[in-house]
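Chains as they are written, first to last, in this note's numbering: chain A, 2 to 220; chain B, 2 to 220.
Yeah, the Cβ is synthetic: ideal placement off N, Cα and C, and Gly gets one too.
Since the structure comes first, as structure tokens, the remarks are kept for the end.
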Ligand SMILES: Nc1ncnc2c1ncn2[C@@H]1O[C@H](COP(=O)(O)OP(=O)(O)OP(=O)(O)O)[C@@H](O)[C@H]1O
Ligand SMILES: Nc1ncnc2c1ncn2[C@@H]1O[C@H](COP(=O)(O)OP(=O)(O)OP(=O)(O)O)[C@@H](O)[C@H]1O
Ligand SMILES: [Mg+2]
Ligand SMILES: [Mg+2]
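Next up, the structure:
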């Protein structure tokens, strides 16, 4: 469902440039649970941002569910992304002016759900990540791990077929982290494709396969 | 050096309120390495923010190095904080318009260092956390773990006597995380007081003592 052929990403920085990814080739099957590990700065988030169609590669070919991403316009890319991909950002990226319930409902707004249905689905998933008592808190009135769980809930609420989770348990205690991993495993049982970036070996080993990145290359 | 006597913190939230800390009593000796663990939302960051004089308790007494914090004005509090405390925030709190070197130099600007000395000390500590090649990057051009290391460097650059680290290794791979813990252990050898919030048991066990929080209380 995801095919990378010699994907590279270069960030221009004045005279120097950063080669964050160097000729990455990778295939992910539908319904596979893949984990990505590697040192800080090795290119994991850059790889995830390209898979999630948030940034374009500098060179190489990316085929997502049969679609050649380089031939799609920004609008078409946004449509594919909103429909197929649930993205859990390493920095959460919650909207500060909305409370937890409204943040989680955003993908449902894009999908054209009624506001009643939005509240129901958002409330359900926030309860499943342990935040029933924090639905009306804005991000700045939530703890780090609570914000992380709102970001997880938002990514899963409209049942996407591909889940991209960039270090989703870094701010969570062991028990809460395991509850989140259980949710991912349930989604995988339903045939979803999951790609998990983590620094936690015990989480990575729940996947079908682990890919290691170092200095922008797959080891 | 740090004495809490029945410290409570209540966040008002409309009709309800959140009792984030409930009658916390705690003593930390000078030169002690204390670790704080507990579930997400249990009050760890709130406790650290009160220790670091960033927020005032709702009730109870806090004595920092013999000073009764409730009797200090905001200005006096800021002076104590800048001089004695190095704070590593869970959300990093880097300034987006400055590069890594300028962010790290901020405590030295407050302390009245020359700009030459600022660049020397900041450069040295950024190199010691592995970021020699990223000094001119702004936060939005750094990876999550690189931003975290800039936040660590900024907290340590002016050699504070108390280091408050709120989950400083959540975005770091195992090897980089261990390098950071080694820096903390060196500082402890020099007689600094270190308080570390972490969800990682292996990091917590490097401390002299572990305190567990649950629902705003010490177990
Ligand atoms: N400004 C605020 N207003 C209202 N509630 C708040 C505020 N800040 C924090 N809280 C609540 O207080 C509780 C304690 O928050 P705190 O950030 O101290 O937890 P924590 O132990 O650091 O959690 P984590 O491990 O997830 O970072 C949380 O349930 C949170 O929702
Ligand atoms: N916008 C940018 N401009 C320039 N360099 C960048 C930019 N974004 C990232 N980088 C650099 O590219 C490299 C890879 O970044 P990336 O965020 O993919 O790493 P990562 O593996 O996710 O790291 P971490 O585990 O710390 O989150 C880093 O060294 C970083 O400094
Ligand atoms: Mg990253
Ligand atoms: Mg916290």
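Contact list for residue i against chain B, beta-carbon separation under 7 Å
{"i": "residue 200 of chain A", "result": "173, 174, 175"}
Counterpart residues of residue i in DSSP-defined beta bridges
{"i": "residue 167 of chain A", "result": "A/198"}
{"i": "residue 210 of chain B", "result": "B/35"}
{"i": "residue 55 of chain B", "result": "Per DSSP, none; premise fails for residue 55 of chain B."}
{"i": "residue 109 of chain A", "result": "The partner list for residue 109 of chain A (beta bridge, DSSP) is empty, contrary to what the question assumes."}
{"i": "residue 68 of chain B", "result": "B/65"}
{"i": "residue 278 of chain A", "result": "Look at the range of chain A in this structure, 2 to 220, and you will see that residue 278 of chain A is not part of it."}
Opening and closing residue of the alpha helix (DSSP H) in which residue i lies
{"i": "residue 146 of chain B", "result": "145-157"}
{"i": "residue 100 of chain A", "result": "Looking at the DSSP string, residue 100 of chain A is not in any alpha helix (DSSP H), and its letter there is neither H nor E."}
{"i": "residue 8 of chain A", "result": "Premise fails: residue 8 of chain A lies in the beta strand (DSSP E), 3-14, not in any alpha helix (DSSP H)."}
{"i": "residue 130 of chain B", "result": "No alpha helix (DSSP H) holds residue 130 of chain B; DSSP gives it neither H nor E."}
{"i": "residue 84 of chain A", "result": "75-85"}
{"i": "residue 46 of chain A", "result": "45-52"}
Selection from the options that minimises the alpha carbon distance to residue i
{"i": "residue 55 of chain A", "options": "A/90, A/33, A/124", "result": "A/90"}
{"i": "residue 216 of chain B", "options": "B/48, B/34, B/13", "result": "B/48"}
{"i": "residue 27 of chain A", "options": "A/3, A/13, A/43, A/50", "result": "A/3"}
{"i": "residue 84 of chain A", "options": "A/15, A/22, A/107, A/186", "result": "A/107"}
{"i": "residue 135 of chain A", "options": "A/113, A/162, A/104", "result": "A/104"}
{"i": "residue 187 of chain A", "options": "A/33, A/172, A/7", "result": "A/33"}
{"i": "residue 204 of chain A", "options": "A/127, A/181, A/92", "result": "A/181"}
{"i": "residue 95 of chain A", "options": "A/58, A/79, A/152", "result": "A/152"}
{"i": "residue 214 of chain A", "options": "A/23, A/6, A/15", "result": "A/23"}
{"i": "residue 156 of chain B", "options": "B/201, B/45, B/102", "result": "B/102"}
{"i": "residue 21 of chain B", "options": "B/30, B/31, B/29, B/57", "result": "B/57"}
{"i": "residue 131 of chain A", "options": "B/30, B/42, B/18", "result": "B/42"}
{"i": "residue 163 of chain B", "options": "B/17, B/65, B/59, B/171", "result": "B/65"}
{"i": "residue 18 of chain B", "options": "B/59, B/50, B/51, B/79", "result": "B/59"}
{"i": "residue 190 of chain A", "options": "A/15, A/31, A/202", "result": "A/31"}
{"i": "residue 111 of chain B", "options": "B/88, B/121, B/80, B/93", "result": "B/80"}
Short Cβ contact (8 Å threshold) for residue i with residue j
{"i": "residue 138 of chain A", "j": "residue 174 of chain A", "result": "no"}
{"i": "residue 123 of chain A", "j": "residue 158 of chain A", "result": "yes"}
{"i": "residue 142 of chain B", "j": "residue 12 of chain A", "result": "yes"}
{"i": "residue 86 of chain B", "j": "residue 197 of chain B", "result": "no"}
{"i": "residue 109 of chain B", "j": "residue 98 of chain B", "result": "no"}
{"i": "residue 208 of chain A", "j": "residue 35 of chain A", "result": "yes"}
{"i": "residue 53 of chain B", "j": "residue 82 of chain B", "result": "yes"}
{"i": "residue 177 of chain B", "j": "residue 40 of chain A", "result": "yes"}
{"i": "residue 169 of chain A", "j": "residue 148 of chain A", "result": "no"}
{"i": "residue 63 of chain A", "j": "residue 8 of chain A", "result": "yes"}
{"i": "residue 61 of chain A", "j": "residue 46 of chain B", "result": "no"}
{"i": "residue 5 of chain B", "j": "residue 25 of chain B", "result": "yes"}
{"i": "residue 160 of chain A", "j": "residue 171 of chain B", "result": "no"}
{"i": "residue 195 of chain B", "j": "residue 129 of chain B", "result": "no"}
Range covered by the beta strand (DSSP E) that runs through residue i
{"i": "residue 21 of chain A", "result": "17-29"}
{"i": "residue 90 of chain B", "result": "First-last for residue 90 of chain B: undefined, no H or E at that position."}
{"i": "residue 227 of chain B", "result": "In the structure as shown, chain B starts at 2 and stops at 220, and residue 227 of chain B therefore has no counterpart that could be examined."}
{"i": "residue 182 of chain A", "result": "Per DSSP, residue 182 of chain A belongs to no beta strand (DSSP E); it is in the alpha helix (DSSP H), 175-190."}
Chain-ordered chain A contacts of residue i [CB-CB under 8 Å]
{"i": "residue 147 of chain B", "result": "41, 42"}
{"i": "residue 1 of chain B", "result": "Outside the shown range of chain B, which is 2 to 220, sits residue 1 of chain B, and nothing can be said about it."}
{"i": "residue 206 of chain B", "result": "Those within 8 Å of residue 206 of chain B in chain A number zero; the least Cβ separation is about 14 Å."}
{"i": "residue 33 of chain B", "result": "Under the 8 Å cutoff, chain A gives no residues; its nearest Cβ is about 23 Å from residue 33 of chain B."}
Where residue i meets chain A, residues with beta-carbon distance less than 7 Å
{"i": "residue 203 of chain B", "result": "Neighbours of residue 203 of chain B on chain A: none; closest Cβ ~11 Å, over 7 Å."}
{"i": "residue 179 of chain B", "result": "Within chain A, no residue comes near residue 179 of chain B; the closest Cβ sits about 12 Å away, beyond 7 Å."}
{"i": "residue 125 of chain B", "result": "Within chain A, no residue comes near residue 125 of chain B; the closest Cβ sits about 20 Å away, beyond 7 Å."}
Amino acids of chain B, ordered along the chain, whose beta-carbon sits closer than 9 Å to that of residue i
{"i": "residue 142 of chain A", "result": "12, 14, 19"}
{"i": "residue 46 of chain A", "result": "144, 145"}
{"i": "residue 103 of chain A", "result": "Near residue 103 of chain A there are no residues of chain B at all, since even the closest Cβ is about 16 Å away, more than 9 Å."}
{"i": "residue 77 of chain A", "result": "Per Cβ cutoff of 9 Å: no residues; residue 77 of chain A is ~26 Å from chain B at best."}
Below-8 Å beta-carbon distance, residue i vs any chain D residue
{"i": "residue 30 of chain B", "result": "Chain labels in this structure do not include chain D; the protein chains are A and B."}
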